[in-house]
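Under our numbering, the residue at position 110 of the sequence shown is numbered 97, and the numbers go up by one with no gaps.
I have placed the structure first, in the form of structure tokens, so that the comments after it can refer back to it.
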Amino acid sequence: MSTSDLTPVTAPDCLFCRIVAGDLPATIVASTPRVVAFRDIAPKAPLHVLVVPRDHHADIAQLAAADPALLADLVRLAHEVAQSEADGQFRLVFNTGVDAGQSVFHVHAHLLAGARLGWSPG
Ligand code: 5GP
Ligand code: ZN
């Protein structure tokens, strides 16, 4: 799924589609015509920003298959936010599937930065 006219592909009742559309409030920190970055409502690190494509794709695997250039755009914006809001070092996490911790099925990168991060996902 992707669009040529920059009209986002949306899914009904998708939380992040509604945030991207401006129908629900969020603290937007950066955006491009195809990607939006906003603060996570329950931050797990000093900097915890969600970076999402405006188009609806369920997870990173579906996004990579459908529109790899959009995935690259997303990573690029995450890097820019890590540079502007932290020191440029960052972790990107894409929870993919319920057992991996995914609760919102609109692909989103968790951009985590701003501290020496622990590593204990298991
Ligand atoms: P997941 O569990 O799918 O990997 O990540 C979903 C993330 O969305 C969680 O970190 C959660 O805190 C965040 N989240 C859930 N609802 C909202 C909301 O309404 N606004 C914002 N900004 N973040 C949300
Ligand atoms: Zn969506």
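Glycine included, C-beta positions come from ideal geometry on N, C-alpha and C.
These numbers were taken from a predicted model, which means no experiment stands behind them.
Below 6 Å CB to CB, which residues in the same chain sit around residue i once its five sequence neighbours on both sides are set aside?
i	result
Leu(-7)	Pro20
Pro(-5)	Arg41, Asp42
Ala(-2)	Cys4, His43
Glu88	One point to set straight first is that residue 88 is Gly, not Glu, in the sequence displayed. Within the same chain, Gly88 has close Cβ partners Asn82.
In this structure, what does DSSP give as the bridge partners for residue i?
i	result
His97	Leu37, Val80
Arg21	Its beta-bridge partners do not exist; DSSP assigns none.
Arg129	Since the first residue of the chain shown is -12 and the last is 109, residue 129 is not available in this structure.
Assign residue i to one of two classes, buried (16 or more other C-beta atoms within 10 Å of its C-beta) or exposed (fewer than that).
i	result
Val16	buried
Ala8	exposed
Leu104	exposed
Leu61	buried
Report yes if the CB atom of residue i is closer than 8 Å to the CB atom of residue j, and no otherwise.
i	j	result
Phe77	Ala65	yes
Val80	His97	yes
Asp46	Val36	no
By Cβ distance, which residues of its chain are closer than 7 Å to residue i, with the 5 residues on each side in sequence left out?
i	result
Gly101	Ala32, Pro33, Leu34, Ala73
Phe3	Val39, Val91, His93, His95
Ala70	Here residue 70 is Gln; the residue named in the question, Ala, does not match the sequence. Taken in chain order, the list of residues that qualify is empty.
Val23	Val7, Ile15, Val39, Arg41
Give a yes or no on whether 8 Å exceeds the smallest Cβ distance from residue i to chain B.
i	result
Gly101	Absent from the structure is chain B; it holds one protein chain and no more.
Looking only at its own chain, which residues have a Cβ that is under 8 Å from the Cβ of residue i, when we skip the five neighbours before and after it?
i	result
Gln49	Val94
Chain-ordered residues, beta carbon under 7 Å from a heavy atom of the ligand ZN
Thr(-3), Ala(-2), Cys1, Phe3, Cys4, His43, His93
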